[in-house]
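What follows is a set of notes on a single structure, which appears directly below.
Chains as they are written, first to last, in our numbering: chain L, 548 to 557; chain R, 86 to 294.
Below, the structure is given as structure tokens:
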């Protein structure tokens with residue numbers, strides 16, 4: 548599991 | 086994208102539109118905390134700085150522009166267009182008590198010590214407390230107009246739906262964003278008291294002053 552840093556959420 | 090996140094974004098958009106239309110139609114911002122609206126405009130500004138640097142999807146870009154435009158329009162209506170109906174007497178929550186801890190925390194707890202990441206973290210933490218001036222104002226005036234309660238309901242519902250979205254994404258794609266989740270849970274908890282009043286007391290809310 549990873550802390551995704553892709554900010555695809557608003 | 087999943088149904089929880091889509092429903093959350095729609096709920097958020099509905100909340101913002103409810104408030105904006107209420108102010109525009111009634112030509113008044115009585116009972117509305119301008120301070121909260123400024124904080125929300127700040128949340129969107131510091132969170133959507135990647136609008137011009139990262140392209141994720143048309144939906145993402147459009148929604149960011151819409152949220153920015155509507156939040157600034159709301160602030161404009163409150164502090165410029167209908168400023169004579171702005172209730173500055175009761176909108177007195179000390180926002181520095183929110184900003185200072187949030188700024189400090191975003192420097193301590195973030196994913197990367199870069200301007201964009203720190204500003205994003207700042208916006209996540211700030212969003213969880215941005216409604217405080219509005220809730221404070223309601224307790225101070227002792228009442229909230231029915232439309233304002235609908236605004237708060239959809240605003241609280243949006244982050245609750247995001248929690249469902251994070252549970253869903255955790256189980257389906259192993260995705261989780263610790264900072265957003267912790268802050269989102271705190272944010273939703275602030276609304277629980279209001280949700281109780283909203284459900285039990287129906288539209289008009291009189292807080293036990």
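C-beta: ideal position from N, C-alpha, C; glycine also. In this text the structure is predicted, and so the values were computed from the model without any measurement.
Cβ separation of residue i and residue j, assumed to be a contact under 8 angstroms, to the nearest whole Å
i, j, result
"residue 121 (chain R)", "residue 218 (chain R)", "4 angstroms"
"residue 104 (chain R)", "residue 236 (chain R)", "5 angstroms"
"residue 171 (chain R)", "residue 149 (chain R)", "Incorrect: roughly 27 angstroms between the Cβ atoms, too far for contact."
"residue 117 (chain R)", "residue 233 (chain R)", "7 angstroms"
"residue 126 (chain R)", "residue 157 (chain R)", "6 angstroms"
Same chain, Cβ closer than 7 angstroms to residue i, neighbours up to 5 away in sequence not counted
i, result
"residue 128 (chain R)", "208, 211, 212 and 215"
"residue 115 (chain R)", "170 and 172"
"residue 123 (chain R)", "160"
"residue 273 (chain R)", "241, 244, 245 and 248"
"residue 167 (chain R)", "108, 112, 113 and 114"
"residue 88 (chain R)", "none"
Between the CA atoms of residue j and residue i - distance to the nearest angstrom
i, j, result
"residue 249 (chain R)", "residue 153 (chain R)", "24 angstroms"
"residue 200 (chain R)", "residue 146 (chain R)", "21 angstroms"
"residue 258 (chain R)", "residue 195 (chain R)", "22 angstroms"
"residue 549 (chain L)", "residue 95 (chain R)", "Caution is warranted here: a pLDDT of 41 is assigned to residue 549 (chain L), below 50, making its placement in the model unreliable, and the coordinate value is therefore given only provisionally. Between residue 549 (chain L) and residue 95 (chain R), the C-alpha separation is close to 27 angstroms."
"residue 188 (chain R)", "residue 278 (chain R)", "26 angstroms"
"residue 204 (chain R)", "residue 191 (chain R)", "8 angstroms"
"residue 270 (chain R)", "residue 221 (chain R)", "20 angstroms"
"residue 276 (chain R)", "residue 106 (chain R)", "22 angstroms"
"residue 285 (chain R)", "residue 223 (chain R)", "17 angstroms"
"residue 86 (chain R)", "residue 143 (chain R)", "13 angstroms"
"residue 162 (chain R)", "residue 265 (chain R)", "30 angstroms"
"residue 206 (chain R)", "residue 165 (chain R)", "30 angstroms"
"residue 119 (chain R)", "residue 130 (chain R)", "16 angstroms"
"residue 99 (chain R)", "residue 193 (chain R)", "34 angstroms"
"residue 555 (chain L)", "residue 178 (chain R)", "32 angstroms"
"residue 551 (chain L)", "residue 557 (chain L)", "Any reading at residue 551 (chain L) must be qualified, since the residue scores a pLDDT of 46, below 50, and its modelled position is unreliable; the value itself is stated next. Approximately 14 angstroms between the Cα atoms of the pair."
"residue 138 (chain R)", "residue 202 (chain R)", "13 angstroms"
Own chain residues within Cβ distance below 8 angstroms of residue i, not counting five before or after
i, result
"residue 261 (chain R)", "251, 254 and 255"
"residue 280 (chain R)", "238 and 241"
"residue 184 (chain R)", "211"
"residue 91 (chain R)", "none"
DSSP three-state assignment for residue i, whether helix, strand or coil
i, result
"residue 108 (chain R)", "helix"
"residue 216 (chain R)", "coil"
"residue 196 (chain R)", "coil"
"residue 228 (chain R)", "strand"
"residue 260 (chain R)", "strand"
"residue 117 (chain R)", "coil"
"residue 101 (chain R)", "helix"
"residue 141 (chain R)", "coil"
"residue 291 (chain R)", "strand"
Residues near residue i by beta carbon distance below 6 angstroms, same chain, minus five either side
i, result
"residue 228 (chain R)", "291"
"residue 101 (chain R)", "155"
"residue 136 (chain R)", "149"
"residue 268 (chain R)", "209, 210 and 213"
Check: residue i C-beta below 7 angstroms from any heavy atom of the ligand MN
i, result
"residue 134 (chain R)", "Among the ligands in the structure shown, none appear at all, so the ligand MN cannot be discussed."
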